[in-house]
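Just below is one structure, and these are the notes that go with it.
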């Protein structure tokens, strides 16, 4: 069964510190994985997807098929990074599965 | 482009009442989705429509019905609202190649 797991509901880091938001998945095929972000009072928006291998706002995420992980990383956290982050998997038929989300707080 | 729009933004219902949440997109996307967002539960897919004229159940379809009225519009109906349906509802649509999912601003629903 398809599943996306984000083990941390809450994560706090100091400004300038590295941050890593964990995401693990289970999927029988070749998944397409995404990170979405929701800033306070805003709609969800795409942060990055593994296919494009981009770095958005300093964030990167590497798909590790052996560990079935797609952790989101940033070397130096900024206050504006405080938000809710969702890991998502797109399966067959463009059906999406979201994790439960991690609320990131960057402490000044 | 307005992107994905949803109406209403906020609604209060009494148990047993019915209502329809409206969603429209002007990006010519084929696939559209309805999610609910609950604290600690993340986003859960209620229904989705891969193309005009088709709809499929997601993870939590019970108590909901949907209509893909045309390519632009995808509505979600609660026939008999229950307090367990208190949530924030998001509509989304996706580009043809599944590159990016665009979300609406959400509808906050309170069922008393």
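Chains as they are written, first to last, in the working numbering: chain C, -13 to 94; chain Y, -4 to 107. Idealized CB from N, CA, C, for every residue including glycine. Remember, predicted model here, so these are calculated numbers, not experimental data.
Subject >> Length of the line joining the Cα atoms of residue 85(Y) and residue 5(Y) >> reply: 12 Å
Original post:
Does the distance from the CB of residue 70(Y) to the CB of residue 17(Y) come in under 7 Å?
Top reply: yes
Subject >> Boundaries of the beta strand (DSSP E) in which residue 10(C) is found, first to last residue >> reply: 10 to 12
Original post:
To which residues of the same chain is residue 88(C) closer than 6 Å at the C-beta, ignoring the five residues directly before and after it?
Top reply: Hits under 6 Å: -8, -6, -3, 7, 71.
**OP:** Scan the region 43 to 77 of chain C for residues whose Cβ lies nearer than 7 Å to a Cβ of chain Y and list them as they occur along the chain.
**Re:** From the region 43 to 77 of chain C, only 72, 76 have a Cβ closer than 7 Å to chain Y.
**OP:** Determine which residues of the region 23 to 57 of chain Y have a Cβ less than 9 Å from any Cβ of chain C, and write them out in chain order.
**Re:** 25, 26, 28, 30, 32, 35, 36, 37, 38, 39, 40, 43, 45, 51, 53, 54
**OP:** Kindly list, in the order they appear in chain Y, the residues whose Cβ is closer than 7 Å to that of residue 29(C).
**Re:** 98, 99, 100, 101
**OP:** Check residue 51(Y) in the structure and name its three-state DSSP category.
**Re:** strand
**OP:** Can you have a look at residue 102(Y) and say buried or exposed, based on whether 16 or more other CB atoms are within 10 angstroms of its CB?
**Re:** buried
Original post:
Shorter than 7 Å from the beta carbon of residue 192(Y) to some beta carbon of chain C?
Top reply: Within the shown structure, residues of chain Y are numbered from -4 to 107, placing residue 192(Y) beyond reach of any answer.
**OP:** Check whether the region 25 to 43 of chain C touches the region 20 to 29 of chain Y, taking contact to mean three or more Cβ pairs, one atom from each stretch, closer than 8 Å.
**Re:** At 8 Å Cβ cutoff, the stretches do not touch.
**OP:** Under 7 Å Cβ to Cβ from residue 10(Y), same chain only, skipping five residues before and after it: list those, please.
**Re:** Residues 76, 77, 78, 106, 107 of the same chain have their beta carbon placed closer than 7 Å to that of residue 10(Y), with the five preceding and five following residues left out of the count.
Subject >> Proximal residues to residue 57(C) (C-beta, below 7 Å), its chain only, five neighbours per side dropped >> reply: 6, 7, 8, 9, 47
Subject >> C-beta contact flag for residue 39(Y) and residue 55(Y) at 7 Å >> reply: yes
Subject >> Beta-carbon separation (whole angstroms), residue 20(C) vs residue 74(C), contact threshold 8 Å >> reply: 5 Å
**OP:** Pick helix, strand or coil for residue 66(C), following the three-state DSSP scheme.
**Re:** helix
**OP:** Closer than 9 Å by beta-carbon distance: list the chain Y residues that pair up with residue 91(C), in chain order.
**Re:** In chain order: nothing, as chain Y lies at least about 16 Å away.
Original post:
When DSSP labels each residue in this structure, what does residue 3(C) get in the three-state scheme?
Top reply: coil
Original post:
For a contact meaning CB atoms closer than 7 Å, what does residue 32(C) contact in chain Y?
Top reply: 95, 96
Original post:
Where does residue -3(Y) sit, in a helix, a strand or coil, going by DSSP?
Top reply: Residue -3(Y) falls in the coil class under three-state DSSP.
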